[in-house]
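Using the working numbering, you'd call the opening residue of the sequence shown number 420 and step up by one each time.
By construction, the Cβ of each residue, glycine as well, lies at the ideal position given by its N, Cα and C atoms.
As structure tokens, the structure follows; a few thoughts come after it.
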Amino acid sequence: MTLDDNTKSCKIGDKEIPLTKVEYKLLSILLDNSGRIMSRKEIASLVWEKPVSLRTVDAVVSRLRKKLGDTYITTRFGFGYGVN
Numbered sequence: 420m421t422l423d424d425n426t427k428s429c430k431i432g433d434k435e436i437p438l439t440k441v442e443y444k445l446l447s448i449l450l451d452n453s454g455r456i457m458s459r460k461e462i463a464s465l466v467w468e469k470p471v472s473l474r475t476v477d478a479v480v481s482r483l484r485k486k487l488g489d490t491y492i493t494t495r496f497g498f499g500y501g502v503n
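Structure, rendered in structure tokens:
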């Protein structure tokens, strides 16, 4: 998977995956912190400028999994999310 910061696009192989602004930002943050699990609270503070429900983070991660497949984003129950 590759992200292009210039075009704000995501590709898996040759296939372009359409992402919303929030999905792109969340995925970019996870990739920038690859190899570590980030808490939902930490993710929320980096993605949104104002406070949001932690369930909002879960909803965006769920949408990303539907678009990207289950193999890219890791859930560490009780801790948060990361990328493989």
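*Nearest-angstrom Cα separation, counted from R455 out to G499*: Counted from its first residue, the sequence shown places residue 499 at position 80. Counted from its first residue, the sequence shown places residue 455 at position 36. G499 and R455: Cα-Cα distance of roughly 10 Å.
*First and last residue of the alpha helix (DSSP H) that includes V476?*
As a first step, residue 476 must be located in the sequence shown, where it is residue number 57. Taken as a continuous stretch (DSSP letters only), the alpha helix (DSSP H) holding V476 covers 473-487.
_If you reduce the DSSP assignment to three classes, tell me which class I462 lands in._
Here residue 462 is taken as the residue at index 43 of the sequence shown, counted from 1. The answer is helix: DSSP assigns I462 an H, G or I state.
*Quick one: Cα of M457 to Cα of T426, how far?*
Looking up residue 457 in the sequence shown gives position 38. Looking up residue 426 in the sequence shown gives position 7. Straight-line Cα distance between these residues: approximately 26 Å.
*Residues in its own chain within less than 6 Å of T421 by CB, not counting five upstream and five downstream?*
Here the question's residue 421 lines up with position 2 in the sequence shown. Answer for T421: K430, listed in chain order.
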